[in-house]
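**Q** Got a structure for you, questions after.
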Amino acid sequence: QVEKEVLLAMRDAMFHRGPDGAGFHIESSLGLGHRRLSIIDLSEKGNQPMLNIDRSLCVIFNGEIYNFKDLRRELEKKGHYFQSQSDTEVLLHGFEEWGEELPARLYGMFAFAIWDFKQKQLFLCRDRLGIKPLYCYLSKNKLLFASEIKALLASGVVSDMDPDAVAQNMILRYVPGQKTLFKNIKMFPPGYWAKFDNKGMHEKHCWWSLKNCSQHGQFGQKQTEERFHELLEEAVVDRLVADVPLGTFLSGGIDSATIAAMMARNSEQVVSFTFGFGKEFDETEEAKRIAGEIGTDNIA
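What follows is the structure in structure tokens.
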């Protein structure tokens, strides 16, 4: 049985990730909790956990699906009826239509869980490169998952430190692979989905891998530069879809300046934010100069 107090403690340990709302769903041995950061469809219809119309599926989702409008139009042509304007609902209808083939159709950053009431099965999935975090604790009779380790620890589970992982973190400044600093808590691998039932994990699948990407022809220097510029600007524009104001970090470097400039070129008003770190690493003056050239409202 899932204890409500434990589920809410886990959920609210991540208040900082979602200060705009909170929800939960409990039934027998399943508990789903969610903290919401409202970006698309700010109404209550976008709240999570979200159920589909016939209440056969329930989803909790962290991230953004950049092609959700295209997927929505495709699903509507197939007869699906939407109740909200959120990208979250696309996951529900997409799973109804395509099942485990859904992730490959998604363009975005995401970690989500879908509970199938009929099959009594949980579908857990993470984006291609692991942009959105997902951690799991799996024992013989319990599965816990969350966007942060602190939420798992808030459940009261005991997990000792992993000396090897601590050593790797000290040397490399990160822990490679699926390990974390805790022995029994693992990082759910990017590009994977898994299915769980009351007997545990019964299927795990790599749905995307860089090794399996199709090979493209050779490009010359000019073609490579043009294609890179094209792809980068497309990526920036895709990320401008939101029902709330957007901003960007701006240092004195090439990368953030390029993104800010592309945002300014494709949006009416862009606010940029600059932070200085002492005299040696202070780039605020250069950032202000760049902001003036590209036309962002810079806050330093």
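If you count the sequence shown from 1, position 216 lands on 285 in our numbering, and the numbers rise without skipping. No residue lacks a Cβ here, since even glycine has one placed at the ideal position from N, Cα and C. It should be emphasised that the depicted structure is a prediction, and the values quoted were computed from it without experimental measurement.
Within 10 angstroms of its Cβ, does residue 223 collect 16 or more other Cβ (buried), or is it exposed?
**A** Label assigned to residue 223: buried.
**Q** From which residue to which residue does the beta strand (DSSP E) around residue 277 run?
**A** Where residue 277 is concerned, there is no enclosing beta strand (DSSP E), given that its DSSP letter is neither H nor E.
**Q** So, at 6 Å on beta carbons, what are the nonlocal neighbours of residue 355 in its own chain, with the 5 sequence-adjacent residues on each side left out?
**A** Excluding positions up to five away in sequence, the list reads 321.
**Q** Per DSSP, which one or two residues make a beta bridge with residue 185?
**A** Bridge partners of residue 185: 126, 190.
**Q** Residue 83 and residue 228 look like a contact to me (Cβ under 8 Å); what is the Cβ gap, rounded to whole Å?
**A** About 17 Å; that fails the 8 Å criterion.
**Q** Straight-line CA distance for residue 137 to residue 350?
**A** Distance between the alpha carbons of residue 137 and residue 350 is about 40 Å.
**Q** Please go through the same chain and pick out, in chain order, the residues whose beta-carbon is closer than 7 Å to the beta-carbon of residue 266, but skip the five residues on each side of it.
**A** Correct list, in chain order: 189, 190.
**Q** Should residue 340 and residue 315 be called a contact, given that it needs their Cβ atoms to be closer than 9 Å?
**A** Yes. Within cutoff.
**Q** By Cβ distance, which residues of its chain are closer than 8 Å to residue 332, with the 5 residues on each side in sequence left out?
**A** Closer than 8 Å at Cβ, skipping near neighbours: 305, 309, 315, 317, 339, 365.
**Q** With distances taken Cα to Cα, identify the nearest neighbour of residue 277 among 287, 260, 77, 245.
**A** It is 260 whose Cα lies nearest to the Cα of residue 277.
**Q** I'd like the list of long-range same chain contacts for residue 250, defined as Cβ closer than 7 Å, with 5 residues on each side in sequence excluded.
**A** If we look at residue 250 and ignore the five residues flanking it on each side, its Cβ neighbours are 230, 231, 234, 235, 238, 244.
**Q** Can you tell me which of 96, 125, 133, 256 puts its alpha carbon nearest to the alpha carbon of residue 105?
**A** The shortest Cα separation from residue 105 among 96, 125, 133, 256 belongs to 133.
**Q** May I ask which residues mark the beginning and end of the alpha helix (DSSP H) holding residue 325?
**A** Segment 323-335, the alpha helix (DSSP H) holding residue 325.
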